[in-house]
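Going letter by letter, the sequence shown gives residues 1 to 267 in UniProt numbering.
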Amino acid sequence: MRRVGVVGYGHLGKFLVEKIQEHPELELAFVWNRSPAAFEGFSKDLVLQDLKDFKERNVDLIVEVAHPDITRQWGPIFLQEADYMIGSPTALSSQELETSLRAAATKHGLYVPSGAFWGAEDIKKMADRGTLQNLKVTMTKHPTSFKLNGDLKTKNDQVKDTKLILYDGPVRELCPLAPNNVNTMAAAAIAAHNLGFDKVSGSIVSDPQMTDWHIVEVEVWGPNGFNVKTTRSNPAAVGAVTGTATYASFLSSMLGAKSKGAGVHLC
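Here is the structure:
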């Protein structure tokens, strides 16, 4: 029986908690949320009031589905005691944080879910062989599905009837501006480790006509003119940050986050 703690109890957190409680080989060790009001009607014995008490729950895997700040504050500490799956990998755009997490992942594994990133394993294989030359991820969503900071928020607020490219450039610079929206791109930068956050390109497009879908396009370039482009249409309601197909993908990643030992693993 693998004991799992869930940090974050929004839509994705609730989905995972339900699936953990239904799974014959998983046991919910705890669930934590910044706002305790979310737990109305939930078993108090399973609610962790303070994250510093997580050690008392004898947890095997901690799953973050809250905010990149959780990893900044707690990631290295969690890794001292358990495997850790980072649901907000945009936090890894900080080179300092990525370095500290890799240094902490000596006994336990740091798992990065592929999420809506289609073709992650093939791209990682190309990176392993050094044949991956370029990678670009383009995400198109309804304006209300973006949670942005700084100038990008200002640009997005002005989108009315015509789609607009809000950003096109290195993923490292984009992650702090769109920490809730571009986890797919962060996963791409981890898979494409020979390119990393500075050389993987990301583009986000705000499109008022995108009322039923999130579109994720992944384009890969390799030697001798090798080129692959995939387009993923993920069902999503207006205003939804996460498409519905990503929930199932995240669950699969959580189930696969085990038995790989120390180090950083894409799952």
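Yeah, the Cβ is synthetic: ideal placement off N, Cα and C, and Gly gets one too. Quick caveat: nothing in here was measured; it's all calculated off a predicted structure.
Close beta carbons around residue i, own chain, < 7 Å, minus the five adjacent residues each side
{"i": "E98", "result": "L92"}
{"i": "G256", "result": "C267"}
{"i": "N183", "result": "S88, P89, T90 and G115"}
Same chain, Cβ closer than 6 Å to residue i, five either side skipped, listed in chain order
{"i": "A66", "result": "V7 and G8"}
{"i": "M185", "result": "V137, V171 and G202"}
{"i": "N227", "result": "W221"}
{"i": "E219", "result": "K136 and K229"}
{"i": "D168", "result": "S203"}
{"i": "F78", "result": "I62 and Y84"}
Per-residue DSSP class, three states only, for residue i
{"i": "T242", "result": "coil"}
{"i": "G119", "result": "coil"}
{"i": "V200", "result": "coil"}
{"i": "G25", "result": "Looking at the sequence itself, residue 25 is Glu, so the reference to Gly does not match. Coil, per DSSP."}
{"i": "H193", "result": "coil"}
{"i": "Y167", "result": "strand"}
{"i": "T231", "result": "strand"}
{"i": "L61", "result": "strand"}
{"i": "Y247", "result": "helix"}
{"i": "M210", "result": "coil"}
{"i": "V31", "result": "strand"}
{"i": "N134", "result": "strand"}
{"i": "L48", "result": "coil"}
{"i": "H11", "result": "helix"}
Nearest to residue i (by Cα), restricted to the options the options
{"i": "V59", "options": "L46, D69 and I70", "result": "L46"}
{"i": "T244", "options": "W213, D157 and M254", "result": "W213"}
{"i": "A38", "options": "V238, L28 and G10", "result": "G10"}
{"i": "G196", "options": "K160, A127, T131 and G263", "result": "A127"}
{"i": "F15", "options": "K260, S259, M254 and K258", "result": "M254"}
{"i": "T230", "options": "G169, D157, M210 and D122", "result": "D122"}
{"i": "residue 344", "options": "Q21, K19, V63 and R3", "result": "Any property of residue 344 remains undetermined from this structure, which presents the chain solely from 1 to 267."}
{"i": "A82", "options": "Q95, N234 and F54", "result": "F54"}
{"i": "E96", "options": "K160, K199, Q80 and Q73", "result": "Q73"}
{"i": "K199", "options": "T211, E217, M210 and L174", "result": "L174"}
{"i": "E25", "options": "S43, R2 and G169", "result": "R2"}
{"i": "G239", "options": "L152, S145, L164 and D161", "result": "S145"}
{"i": "D250", "options": "V216, M85, S43 and L79", "result": "According to the sequence as given, residue 250 is Phe; it is not Asp. Here the closest residue by C-alpha is M85."}
{"i": "residue 269", "options": "N234, F42, P36 and A103", "result": "One cannot answer for residue 269 here, as it falls past the ends of the chain, which runs 1 to 267."}
{"i": "R232", "options": "P223, N224 and I215", "result": "I215"}
{"i": "A189", "options": "K124, L148, T246 and E22", "result": "K124"}
{"i": "R34", "options": "E22, E18, I70 and H23", "result": "I70"}
Contact under 8 Å by Cβ, residue i with residue j
{"i": "L101", "j": "P68", "result": "no"}
{"i": "I204", "j": "A178", "result": "yes"}
{"i": "residue 270", "j": "G5", "result": "The first residue shown for the chain is 1 and the last is 267, placing residue 270 beyond what the model contains."}
{"i": "D207", "j": "H108", "result": "no"}
{"i": "L110", "j": "A192", "result": "no"}
{"i": "I20", "j": "L12", "result": "no"}
{"i": "I241", "j": "N156", "result": "According to the sequence provided, residue 241 is Val. The question's Ile does not apply to it. In this structure, N156 does not lie closer than 8 Å to V241 by Cβ."}
{"i": "L61", "j": "K258", "result": "yes"}
{"i": "L48", "j": "R57", "result": "yes"}
{"i": "T154", "j": "M210", "result": "no"}
{"i": "Y261", "j": "N194", "result": "Per the sequence presented here, residue 261 reads as Gly, with Tyr not at that position. Going by C-beta atoms, G261 is not nearer than 8 Å to N194."}
{"i": "L152", "j": "L164", "result": "no"}
Own chain partners of residue i with C-beta closer than 8 Å, once the 5 adjacent residues on each side are dropped
{"i": "A187", "result": "P89, V112, P113, S114, G115, F117, A120 and L266"}
{"i": "T162", "result": "P208"}
Any chain C beta carbon closer than 8 Å to residue i
{"i": "P36", "result": "Among the protein chains of the structure shown there is no chain C, as only one such chain exists."}
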